[in-house]
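The working numbering puts the first residue of the sequence shown at 9, with every later residue one more than the last.
Here's the structure, in structure tokens; my notes come after.
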Amino acid sequence: MAYCLTCQRGFKHVQALRQHLETSSKHMHDCQRCDRSFGSECSREQHCRDSSKHHICEFDGCEVDFETEAALERHEDVAHPRCAECDDVVELDSLTELVHHRDGHHGDGHAARLVSSDELVMFTFSPSALCWAKEDTFVCAELGGGSGGGCRAACPSHPKSFLVLHTPSPTTMALKGGDIEQHNDAKSCWVIIHVFELPFSSFFNLVIAKNPLKGKAYDVTEFLPEHPGGSKIILKYAVSNMTLSGQLQFASHSHFILLQGKDATEEFEPIHPPDTLDKYLDKSKHLGHVDMDTVAKEVKEEDPEEAGRLERVDQKPLLSQCYNLLDFEAVARRVMKKTAWGYYSSAADDEITMRENHSAFHRIWFRPQVLVDVENVDLTTTMLGTKCSIPFYVTATALGKLGHPEGEVVLTRAAHTHDVIQMIPTMASCSLDEIVDARRGDQVQWLQLYVNKDREITRKIVQHAERRGCKGLFITVDAPQLGRREKDMRTKFTDKGSSVQSGQDTDTSQGAARAISSFIDPSLSWKDVPWFKSITKMPVILKGVQRVEDVLRAVHAGADGVVLSNHGGRQLDTARSGIEVLAETMPILRARGLQDRIEVFVDGGVRRATDMIKALCLGARGVGIGRPFLYAMGAYGQEGVERAMQLLKDEMEMDMRLIGCASVQDLNPSLVDAKGLFSHSNSTPVDALSHSVYDPLVPPAQRPKAKL
Numbered sequence: 009m010a011y012c013l014t015c016q017r018g019f020k021h022v023q024a025l026r027q028h029l030e031t032s033s034k035h036m037h038d039c040q041r042c043d044r045s046f047g048s049e050c051s052r053e054q055h056c057r058d059s060s061k062h063h064i065c066e067f068d069g070c071e072v073d074f075e076t077e078a079a080l081e082r083h084e085d086v087a088h089p090r091c092a093e094c095d096d097v098v099e100l101d102s103l104t105e106l107v108h109h110r111d112g113h114h115g116d117g118h119a120a121r122l123v124s125s126d127e128l129v130m131f132t133f134s135p136s137a138l139c140w141a142k143e144d145t146f147v148c149a150e151l152g153g154g155s156g157g158g159c160r161a162a163c164p165s166h167p168k169s170f171l172v173l174h175t176p177s178p179t180t181m182a183l184k185g186g187d188i189e190q191h192n193d194a195k196s197c198w199v200i201i202h203v204f205e206l207p208f209s210s211f212f213n214l215v216i217a218k219n220p221l222k223g224k225a226y227d228v229t230e231f232l233p234e235h236p237g238g239s240k241i242i243l244k245y246a247v248s249n250m251t252l253s254g255q256l257q258f259a260s261h262s263h264f265i266l267l268q269g270k271d272a273t274e275e276f277e278p279i280h281p282p283d284t285l286d287k288y289l290d291k292s293k294h295l296g297h298v299d300m301d302t303v304a305k306e307v308k309e310e311d312p313e314e315a316g317r318l319e320r321v322d323q324k325p326l327l328s329q330c331y332n333l334l335d336f337e338a339v340a341r342r343v344m345k346k347t348a349w350g351y352y353s354s355a356a357d358d359e360i361t362m363r364e365n366h367s368a369f370h371r372i373w374f375r376p377q378v379l380v381d382v383e384n385v386d387l388t389t390t391m392l393g394t395k396c397s398i399p400f401y402v403t404a405t406a407l408g409k410l411g412h413p414e415g416e417v418v419l420t421r422a423a424h425t426h427d428v429i430q431m432i433p434t435m436a437s438c439s440l441d442e443i444v445d446a447r448r449g450d451q452v453q454w455l456q457l458y459v460n461k462d463r464e465i466t467r468k469i470v471q472h473a474e475r476r477g478c479k480g481l482f483i484t485v486d487a488p489q490l491g492r493r494e495k496d497m498r499t500k501f502t503d504k505g506s507s508v509q510s511g512q513d514t515d516t517s518q519g520a521a522r523a524i525s526s527f528i529d530p531s532l533s534w535k536d537v538p539w540f541k542s543i544t545k546m547p548v549i550l551k552g553v554q555r556v557e558d559v560l561r562a563v564h565a566g567a568d569g570v571v572l573s574n575h576g577g578r579q580l581d582t583a584r585s586g587i588e589v590l591a592e593t594m595p596i597l598r599a600r601g602l603q604d605r606i607e608v609f610v611d612g613g614v615r616r617a618t619d620m621i622k623a624l625c626l627g628a629r630g631v632g633i634g635r636p637f638l639y640a641m642g643a644y645g646q647e648g649v650e651r652a653m654q655l656l657k658d659e660m661e662m663d664m665r666l667i668g669c670a671s672v673q674d675l676n677p678s679l680v681d682a683k684g685l686f687s688h689s690n691s692t693p694v695d696a697l698s699h700s701v702y703d704p705l706v707p708p709a710q711r712p713k714a715k716l
């Protein structure tokens, strides 16, 4: 028995006592600053740490609220900067005053400069980045920004927001469209990064100059052979020009890539993080500004297929009509763009393993226990030392912007709402910094890593992620080469093939997956595991282990965990499901006393809370879910992802009661019958909903009749 010391009431379980303390009005704890009441002192302290009401700028006349202490400090650095070069630290009212102060007192020539809007070139945009600017004047927030590179204007009210600025040298003339078009082949190839008129200027009460839009040109000639998608995908835009149409989408970090004067946004924007060229291209290849009025324009023809899709978007079911994860998949299939659906839904070869991942759960049967007190159900658990509200996480999935213009940050915000851990993918559409910047409070994120052939690049990625607060390193070990995904390939994500492996030159489309993956190192081996342990303090987990022998090797190699996974059925077709490997693995780990030496996760095919519970009963620490959240995002945005997560929580609470367990810790192998899991010849109960949602592979269609 557990007793409440305040009211002397007795409870059979500690969880019931905890629930009582959280909800009883007799135990309310008040916050002195905002008059809110909480069920426990712990809850009140957590509120005081996280609430924006408790991080207020005390500079005269400011008093802006922030979610965290770090955010408040960042605000003070930008909005009320201090000159650290003075013997006595000088506090100033604005960056403008700091500029004048530095120029007058230190004269080092590296002070930040005011940038007028007619000199403004925007490469990256974050929400509210302009909200503090006065009229048409912008201030560089990075001292030493100079004219040779990008400077950033930051917003004190939204300290993680910024706008990249560039001040051209007065003696430098803008390049003309004709200058760029002359460099249109492998011998000399120039590209333009370009943004369009901002639809939100009035929202920020800004005065935007009549023609502030100047693209920036880059020389990518030397980069062509190294481009992960191959050189042909760039060079195919060297022939003609197309219209410069479109808008920078609010809050999406969107940017437009213009190759050889042609707008390639629709193909390239979803698979290139905003900092791609600035990050990986030598500064000497940054050619300067381009007068976009001189670039030839061509109007696009209306696409009947796209018009039909937009009509289906308008007619999609209400979000409240989605009752399970497969409902989101069905809606996404109808409303997502063909290329996005082809990439997200595709799997290797005949897609047998992808379907088996889900079907395997149907060969596991429950053995519920009865007469158990399940009035209060506790779904919390711990993964890699982090307590979370439910034992699933958002596993890494690439190219989020194919499904939604904001990309992976949508998943970040939804994960925060439900206290769910997010695994950040290497091949995200957003940059790692963008995804981390979208994090709130004590939200936990892990990093999924495809290992680069250049180990120095890999080291920098890992250590940068650790500095930015990632709490786990998940190294993908089942992808020395990305698999052949025919559904993705048939969507012709690119018109020209990519040189996926060294020495290969393919002219047929390889789809989105293989077009972005040539950097992956096929020589990765067990001898590399100690090196990863040496470069980071994050737990190291091997993602993609598919047999018990390799789990044992991972234990002895010092790995902190494994993910039993076949990459969502996207790698080797007819590989076994992760849940089957789990059922094979855990008894052997227990027999050898190794079950506490390593944390075991599983992903693939999870569509119901019953699937999660079966995995937890068999010994998994947590369960990864990927595609369903992409479908929810593609169909309904952040609200869709949040509803999908809530549906899983509701399902799990109900199923825990029905199986007779009050907490995740009570789940154990005796609650399931998995004898039929290993039989691949016996019939599996038909899942009619899953079968109706599945988009089967189809053979090539007949070519249309040629127009005379």
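Glycine included, C-beta positions come from ideal geometry on N, C-alpha and C.
- Around K551, the same chain offers Q456, F482, I483, T484, V485, V571, S573 as residues with beta carbons nearer than 7 Å, after the five sequence neighbours per side are excluded.
- Taking a C-beta distance under 9 Å as the contact criterion, V701 and A355 do not qualify as a contact pair.
- Going by DSSP, T434 is part of no beta strand (DSSP E) at all; its letter is neither H nor E.
- For the 9 Å CB-CB criterion, R375 and V672 do not form a contact.
- Around the beta carbon of I465, a 10 Å sphere encloses fewer than 16 other beta carbons of the protein chains shown; the residue is thus reported as exposed.
- Around the beta carbon of H575, 16 or more other beta carbons lie within 10 angstroms, which makes this residue buried.
- Between the stretch 374 to 390 and the stretch 594 to 605, the count of Cβ pairs shorter than 8 Å is below three; the stretches do not touch.
- Between R616 and P636 the beta-carbon gap is near 10 Å, outside 8 Å, which marks them as no contact.
- R475 counts as exposed, since fewer than 16 other C-beta atoms from the protein chains shown sit within 10 angstroms of its C-beta.
- If you ignore the 5 residues before and after K184, its C-beta comes within less than 7 Å of the C-beta of D299, T302, all in its own chain and listed in chain order.
- The beta carbon of I429 sits closer than 6 Å to those of C396, Y401, V452, all from its chain and outside the five residues before and after it, given in chain order.
- In the same chain as E659, and ignoring 5 residues on each side of it, the C-beta atoms closer than 6 Å to its own belong to A617, in chain order.
- D581 and E416 have their C-alpha atoms spaced approximately 27 Å apart.
- Shown here for G648: same chain residues with a beta carbon closer than 7 Å to its own, the five before and five after excluded, namely L327, F336, A640, M641 in chain order.
- Between G296 and K409, the CB-CB gap reaches or exceeds 9 Å.
- H366 and M497 have their C-alpha atoms spaced approximately 23 Å apart.
- Taking a contact to require three or more Cβ pairs closer than 8 Å, the stretch 525 to 541 and the stretch 376 to 390 do not qualify as touching.
- In this structure, A24 sits away from V380, with a CB-CB distance that is not shorter than 9 Å.
- The criterion of a C-beta distance shorter than 9 Å is satisfied by V548 and G566.
- Across the set G613, K479, T420, K622, the C-alpha of K622 shows the shortest separation from the C-alpha of N676.
- Spanning the alpha carbons of H426 and E230 requires a straight line of approximately 46 Å.
- Under the criterion of beta carbons closer than 8 Å, G480 and L392 qualify as touching, at roughly 5 Å.
- In this structure, DSSP gives Y702 a state outside helix and strand, which the three-state scheme calls coil.
- By the neighbour-count definition (other C-beta atoms within 10 Å, threshold 16), S439 is a buried residue.
- For secondary structure counted as the beta strand (DSSP E) over 3 or more consecutive residues, the stretch 627 to 713 holds these complete runs in sequence order: 630 to 633.
- In the assembly as shown, Q579 is a buried residue. Its beta-carbon has 16 or more other beta-carbons within 10 Å.
- The Cβ-Cβ distance between L602 and L560 falls below 9 Å.
- A direct Cα-to-Cα measurement between V556 and N332 gives close to 32 Å.
- For A368, the three-state secondary structure derived from DSSP is helix.
- When rounded, the separation of the alpha-carbon atoms in W349 and C65 is 46 Å.
- As computed with DSSP, N460 is found in a beta bridge with I528.
- The alpha carbon of P693 has as its nearest neighbour, out of I587, A194, F369, D227, the alpha carbon of F369.
- Closest in C-alpha terms to P488, from the list A473, V459, H472, comes V459.
- Under the DSSP assignment, V571 falls in the beta strand (DSSP E) whose first and last residues are 569 to 572.
- The beta carbon of L685 sits closer than 8 Å to the beta carbons of A368, R371, I372, I587, E588, A591 from its chain, once the five residues preceding and following it are set aside; these are given in chain order.
- Closest by C-alpha distance to E359, out of R493, G449, K461, L334, is R493.
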